[in-house]
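Report on the following structure.
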DNA sequence: GTTCCTGCAAAATTTTTGCATCAGT
DNA sequence: ACTGATGCAAAAATTTTGCAGGAAC
């Protein structure tokens, strides 16, 4: 088959723990201090399979007992995104979504159900190849891409 | 070559005029009346090559002497998007962008310069093929897709 | 001890909605 | 005439910023 992750975007637990460590490390290298709110965001994103909104992150942290101000969540995401440790996506909803960005470059894309709004990750090597070829022929120095598919999911099609 | 539109997304003038007529028609069929603001939005989008924000549409209409309230622009875009006459995209900026959607399904995608923010359209048939293949193997009934590339444009790379 | 981080509240933006009025059919 | 479309202003929702206090180094 053509994908390294199958149809869902689950990373192995080990990868995610590694990502968290890598992120903490990169933050340190970039001259940032280790505060509680940012660490909480990193740990939450490490534990999460797919993208979350800032509000969702905030809510889950509260639910987990760690509380972090929503502004701090936004600030943490801003720094993490700038360092390319986190990927920010706009799936057309009201809020932006964020997910851990694997330093190896391995990544997935998303299908959004037009009816229920559910977001499902997928990966496909041939698609990546085609994207690479396109990037070649453009005059831009392309270093990132987002693919977003829309349609009705199996459940909503019944 | 692999694209029907080359590297830029210019439609021929005739296509665009046809789109405007088609849109007016579809609006009528959907039971909408022909008001001034909505017609102005349709005509502006028909004349435009690539995506615009609601605010940009509003500003250009003012500049052209046709004035339409910003709320009416949003409402027009909402209706047009629901009828699939206009495509709404989130390129990561603060505002959503809108562009005419060709009923033939012919469409283009976008590269955004990380530095200057300029949006450039492109099209690629092999990419479309790969996307079609992905859509096949997913359990979703995919009916739309957006591709967004990011990187530095030739000008910003100098 | 200095400087960054955090949280709260206020502000800035973008988009939506209420309502009175105008225009299209 | 009836009903949808429009414009303005107000509201809602999301994200950013100012500032005082606390934490990290």
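Chains as they are written, first to last, in the working numbering: chain S, 58 to 215; chain Y, 58 to 215. Just so you know, even glycine gets a beta-carbon here, dropped at the ideal spot from N, CA and C.
Strand pairing of residue i, partner residues [DSSP]
| i | result |
| --- | --- |
| residue 170 of chain S | S:208 |
| residue 176 of chain Y | Y:169 |
| residue 203 of chain S | Y:205 |
Endpoints, the beta strand (DSSP E) within which residue i is located
| i | result |
| --- | --- |
| residue 144 of chain Y | 143 to 146 |
| residue 157 of chain S | 154 to 157 |
Residue i, enclosing alpha helix (DSSP H) - first and last residue
| i | result |
| --- | --- |
| residue 196 of chain Y | That residue, residue 196 of chain Y, is in no alpha helix (DSSP H); it is neither H nor E in DSSP. |
| residue 161 of chain Y | Unbroken run through residue 161 of chain Y: none, as it is neither H nor E. |
| residue 118 of chain S | 111 to 120 |
| residue 97 of chain Y | 93 to 104 |
| residue 134 of chain Y | 127 to 139 |
Where residue i falls, given that 16 or more other Cβ within 10 Å makes a residue buried
| i | result |
| --- | --- |
| residue 208 of chain Y | buried |
| residue 160 of chain S | exposed |
| residue 156 of chain S | buried |
| residue 90 of chain S | exposed |
| residue 154 of chain Y | buried |
| residue 170 of chain S | buried |
| residue 187 of chain Y | buried |
| residue 73 of chain Y | buried |
| residue 78 of chain Y | exposed |
| residue 173 of chain Y | exposed |
| residue 95 of chain Y | buried |
| residue 139 of chain Y | exposed |
| residue 217 of chain S | Residue 217 of chain S is absent from the model: chain S starts at 58 and stops at 215. |
| residue 133 of chain S | buried |
| residue 203 of chain S | buried |
| residue 65 of chain S | Note that residue 65 of chain S has pLDDT 46, beneath the 50 cutoff, so the model's placement of it is unreliable and the number below is only indicative. Under this definition residue 65 of chain S is an exposed residue. |
| residue 212 of chain Y | exposed |
| residue 180 of chain S | buried |
| residue 120 of chain Y | exposed |
Spatially closest choice to residue i from the options, by CA coordinates
| i | options | result |
| --- | --- | --- |
| residue 191 of chain S | Y:183, Y:191, Y:76, Y:197 | Y:183 |
| residue 110 of chain Y | Y:152, Y:187, Y:179, Y:164 | Y:152 |
| residue 163 of chain Y | Y:171, Y:176, Y:185, Y:195 | Y:185 |
| residue 137 of chain Y | Y:199, Y:149, Y:150, Y:100 | Y:100 |
| residue 125 of chain Y | Y:175, Y:93, Y:205 | Y:93 |
| residue 128 of chain Y | Y:195, Y:98, Y:103, Y:122 | Y:98 |
| residue 16 of chain Y | Y:213, Y:83, Y:158, Y:202 | Residue 16 of chain Y cannot be examined here, being either before or after the span of chain Y that is shown, 58 to 215. |
| residue 150 of chain Y | Y:75, Y:211, Y:205 | Y:205 |
| residue 102 of chain S | S:195, S:76, S:85, S:86 | S:76 |
| residue 147 of chain S | S:130, S:166, S:84 | S:166 |
| residue 210 of chain S | Y:181, Y:200, Y:179 | Y:200 |
| residue 86 of chain Y | Y:142, Y:122, Y:118, Y:114 | Y:142 |
| residue 116 of chain Y | Y:193, Y:106, Y:130 | Y:130 |
| residue 214 of chain S | Y:214, Y:198, Y:215 | Y:198 |
| residue 175 of chain Y | Y:114, Y:107, Y:135 | Y:107 |
| residue 40 of chain Y | Y:135, Y:120, Y:118 | Outside the shown range of chain Y (58 to 215) lies residue 40 of chain Y, about which nothing can therefore be said. |
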